[in-house]
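If you're matching them up, the sequences are chains A and B in order. Numbering-wise (my numbering), the first sequence opens with residue 3 and increments by one. Numbering-wise (my numbering), the second sequence opens with residue 3 and increments by one. A virtual CB, placed ideally from N, CA and C, is assigned to each residue, including glycine. Just so we're clear, the structure is a prediction, and the values are computed from it rather than from any experiment.
Protein chains: 2
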Amino acid sequence: MESDRDFNVFVQGCPSREIMQRLGDKWTPLVLLALAGGPQRFSALRQRIGSVTPKVLTSTLRTLERDGLLLRTVTAQVPVRVDYELSDLGRSLLGPMETIRLWSQEHVPSVLRAREEFDRTRDDATL
Amino acid sequence: MESDRDFNVFVQGCPSREIMQRLGDKWTPLVLLALAGGPQRFSALRQRIGSVTPKVLTSTLRTLERDGLLLRTVTAQVPVRVDYELSDLGRSLLGPMETIRLWSQEHVPSVLRAREEFDRTRDDATL
DNA sequence: GTAGCCAGTATCTAAAAGATACCATTGAGC
DNA sequence: GCTCAATGGTATCTTTTAGATACTGGCTAC
C-alpha cells in the first residue's frame, strides 16, 4: 500500500500533484477515451477527437507515452504506419475517465441552467 | 435519462465536451477536493491548494460558481468574509474526483518508472 | 505529372497562466 | 495617531501554452 500515506496531491512538489494535473489536461481524457476501443492510428485519432491540431495532439500523445499510459508502435511500411494503444496502466484509467465523461454528458442541462441563472443575476447587478 | 443519447463529448460543439474539458482544468480538481470537507474562505483555499496565484484562483472559482458547482457567500463584516462551498451538483463530483486523486497518488511509482525508461531509451536514440 | 495520404514538424499568433504589486477597510499593537 | 497585518480580491506585465496554418518526403493511384 504505497498510496495516501506516501503521496498527496495537496503537497507542493509531490509528483502525484503533477500527475493529477496532467490527467486533467485539456485533451488527455479525450485521447484516453478515444483509445478505449483498441489501437488507433494518428489520423484516425485526430479525426475522432476533432478540432485538435496535430501539434497539440502529438505533444499530448508524447506525454502520455512517456508516462507509460500508452504505447506507440511504428510499422515500417509505405507510408509508415503508427499505432497508439493503451497500456495496462492506461487501461486502469478508463473506468474513472468514463465516469467523468458520463457525468459531463448527464449534467449538461444542470450546468447550462446554472450559467443562465448566473449571467442573468449578473446582468441585473450591472447597475 | 437525458444522457448518452443527447450529448457526446466526441461531438464538436457539444456542451458536454466543454464541460468535461473544464473539469479537467488544471486547478478544478484541487479546488473541488479542497472543498470536500466543508466551506472554506478564499485565503484558506489559497493556502490549502498552494502555489496557485490569486488571479487564477479567482477565475477558477468564478467559473465553477457560474457552472453551479459551488456557492459563494458574502458576509458583511469587518473585513468582509467570503465563503465557498460545494453545491449539490459539485458534491456529486466528489466521488469521481476522489477516484482520480487516489489513482494519481497510487500510481506515482509506475509513472516515474515509465518516465525514466522513456528518457533512457530516448537518450540512446540521440545518435 | 499531379493530387493525395501518412505522420508528423516549423513558424507565427493568440490566449492563458504565473509573478508581482497594489487596493480599501479596519482593528491591533506601540 | 501611526504603522502593521489580514481580508478578498484586481491590475499590470511577462512567460508559457495552445491554436492556426503551411509544409515535408516518400509513396501510390489517377
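Distances from the CA of R24/B to each of L104/B, T62/B, R124/B were compared; the closest alpha carbon is that of T62/B. Under the criterion of beta carbons closer than 8 angstroms, T101/A and P98/B qualify as touching, at roughly 5 angstroms. Separation of the CB atoms of M22/A and S94/B is rounded to 19 angstroms, and the pair is thereby denied contact status at 8 angstroms. For the pair V110/B and P17/A, the Cα-to-Cα distance works out to about 7 angstroms. The C-beta of G70/A has 16 or more other C-beta atoms within 10 Å across all chains shown, which makes the residue buried. Contacts with chain B at 9 angstroms (Cβ-Cβ) include F12/A.
At least one C-beta of chain B is nearer than 9 angstroms to the C-beta of E67/A.
Burial check for P56/A: the Cβ neighbour count within 10 Å stays below 16, so the residue is exposed. DSSP places L91/A in the uninterrupted alpha helix (DSSP H) bounded by 90-93. In this structure, the straight-line span from the alpha carbon of R64/B to that of A36/A is close to 30 angstroms. Annotation: the continuous beta strand (DSSP E) that includes R74/B extends over 72-77. Beta-carbon to beta-carbon, V33/A and L73/A are separated by about 13 angstroms, too far to satisfy the 8 angstroms threshold.
Burial state of V80/A is exposed, judged by a 10 Å Cβ sphere holding fewer than 16 other Cβ atoms. Residues of the same chain with a CB within less than 7 angstroms of the CB of A38/B, apart from the 5 flanking positions on each side, are L96 in chain order. Close partners of V33/B in chain A (Cβ separation under 9 angstroms) are lacking, with about 11 angstroms as the shortest Cβ gap. Taken through DSSP and simplified to helix, strand or coil, Q23/B comes out as helix. Of A78/B, V113/B, T75/B, the smallest CA-CA separation from D90/A is found for V113/B. Contact of D27/B with chain A by beta-carbon distance below 7 angstroms involves G26. In this structure, DSSP gives R43/A an extended state, which the three-state scheme calls strand. Look at D85/B here: in three-state DSSP terms it is strand. In the three-state scheme derived from DSSP, where H, G and I count as helix and E and B as strand, W105/A is classed as helix. Secondary structure at L66/A: helix, using DSSP grouped into helix, strand and coil. Relative to the Cα of R68/A, the nearest Cα in the group G52/A, T77/A, G92/A belongs to G92/A. The DSSP-derived three-state label of D8/B is coil.
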